[in-house]
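Visitor: If you want the working numbering, it's the position in the sequence shown, counting the first as 1, plus 3.
We put the beta carbon where it would ideally sit given N, CA and C, even for glycine.
What you are looking at is a predicted structure, and each value in this text was computed from that prediction instead of being measured.
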Amino acid sequence: MIKIRNLSFMYENRTILNKIDLSVKANERLVLLGSSGSGKSTLLKLIAGFIAPDSGDIVIGSKVVSKEGSVIVPPHRRAISMVFQDLALWPHMNVGENIAFGLKMHKVPPKERAEKVKAFLALVGLPAYEKKKTEALSGGEQQRVALARALVLSPKVVLMDEPLSSLDEALNIRLRQEIITLQEKLGFTLVYVTHNREEGQQIAQRIVEIQNGRIVERSVF
Ligand SMILES: Nc1ncnc2c1ncn2[C@@H]1O[C@H](COP(=O)(O)OP(=O)(O)OP(=O)(O)O)[C@@H](O)[C@H]1O
Ligand SMILES: [Mg+2]
Numbered sequence: 004m005i006k007i008r009n010l011s012f013m014y015e016n017r018t019i020l021n022k023i024d025l026s027v028k029a030n031e032r033l034v035l036l037g038s039s040g041s042g043k044s045t046l047l048k049l050i051a052g053f054i055a056p057d058s059g060d061i062v063i064g065s066k067v068v069s070k071e072g073s074v075i076v077p078p079h080r081r082a083i084s085m086v087f088q089d090l091a092l093w094p095h096m097n098v099g100e101n102i103a104f105g106l107k108m109h110k111v112p113p114k115e116r117a118e119k120v121k122a123f124l125a126l127v128g129l130p131a132y133e134k135k136k137t138e139a140l141s142g143g144e145q146q147r148v149a150l151a152r153a154l155v156l157s158p159k160v161v162l163m164d165e166p167l168s169s170l171d172e173a174l175n176i177r178l179r180q181e182i183i184t185l186q187e188k189l190g191f192t193l194v195y196v197t198h199n200r201e202e203g204q205q206i207a208q209r210i211v212e213i214q215n216g217r218i219v220e221r222s223v224f
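Have a look at this one:
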């Protein structure tokens, strides 16, 4: 599904990612584990197409989407969704509008949009939350809305960048299982970033460990 070949990324003459080789299978749950500054978010941004590699390339499906110095397929054409650690929901939109936004961009008709918003809110355990203001939600509820917003576009690949790290431990553990359940039910390729080994081990079918921009260890569960 995703093939990363000899990928390097520099920032002001510093090597941030160093010759990364990594393949992710369709519908696999892969966890990228590494300490702060190891290059995890940078790798996700490269996969999403927000930045271009300095060398190497990225193939998604059968298409080369990025290669040396250029983003060939832009982020919105990659069938990828991303969930960020701290990208809050859009505060000027209610819950339903947050989830519908991407559908609107993709010109999905209003009736279908409304049905999908309802269905995905139910899926993340927040039925009847549509009209609520985002500021009225707890942290866990906000993360659930962020998940619904990412999943409603039926992406083939979902990138999650420490999506649970701002939650307390009990909620973090509960949402791990919910993410696994959603992934199994909907079927998408998941690349999940965390610095928490236990969290990674629970989510992953396979863990890849990154240190100073290099992959240092791979393990399968
Ligand atoms: N646009 C940028 N400007 C400045 N430094 C950058 C930029 N992009 C990446 N870096 C540097 O690259 C390194 C890797 O950053 P990255 O955000 O990928 O780490 P991370 O593994 O996600 O860390 P964290 O767990 O803290 O989120 C860091 O040293 C960071 O300072
Ligand atoms: Mg990061």
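If you follow the alpha helix (DSSP H) that F12 is in, where does it begin and where does it stop?
Guide: Where F12 is concerned, there is no enclosing alpha helix (DSSP H), although the beta strand (DSSP E) it sits in stretches over 5-14.
Visitor: Per DSSP, which one or two residues make a beta bridge with T18?
Guide: DSSP, once it has assigned bridges, lists M13 as partnering T18.
Visitor: For the alpha helix (DSSP H) holding L178, just list the boundary residues, first then last.
Guide: L178 -> alpha helix (DSSP H) spans 172-189.
Visitor: Comparing the CB of S44 with every heavy atom of ligand 1, is any distance shorter than 7 Å?
Guide: Indeed, a heavy atom of ligand 1 lies less than 7 Å from the Cβ.
Visitor: Let me confirm a value: T184 is counted as buried when at least 16 other C-beta atoms fall within 10 Å, else exposed. Which label applies?
Guide: Classification for T184: exposed.
Visitor: Three or more beta-carbon pairs under 8 Å between the region 125-136 and the region 104-114, yes or no?
Guide: They do not touch, by the three-pair rule.
Visitor: Closer than 8 Å is the cut-off here; do at least three beta carbon pairs connect the region 136-150 with the region 163-174?
Guide: The region 136-150 is in contact with the region 163-174.
Visitor: If you check the beta carbons only, do R179 and I218 fall under 8 Å apart?
Guide: No; because the gap between Cβ atoms is not below 8 Å, this pair is not in contact.
Visitor: From A51 to E100, what does the alpha carbon distance come to, in whole angstroms?
Guide: Taking the straight line joining both Cα atoms gives about 23 Å.
Visitor: Check whether the Cβ of L95 sits closer than 7 Å to any heavy atom of ligand 1, and report yes or no.
Guide: This sequence places His at residue 95; Leu is not what is there. No, Cβ of H95 sits at least 7 Å from all heavy atoms of ligand 1.
Visitor: Which first and last residues belong to the beta strand (DSSP E) in which R221 is found?
Guide: Here the beta strand (DSSP E) through R221 covers 217-223.
Visitor: Under 8 Å between the Cβ atoms of T192 and I5?
Guide: Yes.
Visitor: Helix, strand or coil: how does DSSP classify V67 here?
Guide: V67: strand per DSSP, three-state reduction.
Visitor: Would you grab the beta carbon distance between R209 and L36 for me? Rounded to a whole angstrom, and I think it's under 8 Å.
Guide: Contact doesn't hold; Cβ gap of about 11 Å is too wide.
Visitor: Take I83 as the anchor and find which of M163, Q214, W93, N97 has the nearest alpha-carbon.
Guide: Minimum Cα distance to I83 is reached at M163.
Visitor: Rounded to whole angstroms, what is the Cα-Cα separation between V155 and K121?
Guide: Approximately 10 Å, taken between the alpha carbons.
Visitor: Beta strand (DSSP E) containing S84: first to last residue?
Guide: Start and end: 83-86.
Visitor: Rounded to whole angstroms, what's the CA-CA distance from E214 to I54? Just pull it up for me.
Guide: A small fix is needed here, since residue 214 is Gln in this sequence, not Glu. About 20 Å.
Visitor: Decide if S222 is buried, meaning its Cβ has at least 16 other Cβ atoms within 10 Å, or exposed.
Guide: Counting Cβ neighbours within 10 Å, S222 comes out exposed, since fewer than 16 surround it.
Visitor: Can you give me the Cβ contacts of G59 inside the same chain, cut-off strictly under 8 Å, excluding the 5 residues immediately before and after it?
Guide: Excluding positions up to five away in sequence, the list reads I7, R8, N9, L10, S11, K22, I23, K70, E71.
Visitor: Just to confirm before moving on: does the CB-CB distance between V127 and A151 stay below 8 Å?
Guide: Yes.
Visitor: Please report the residue range of the beta strand (DSSP E) in which V161 lies.
Guide: Looking at the DSSP string, the run of the beta strand (DSSP E) that includes V161 is 160-164.
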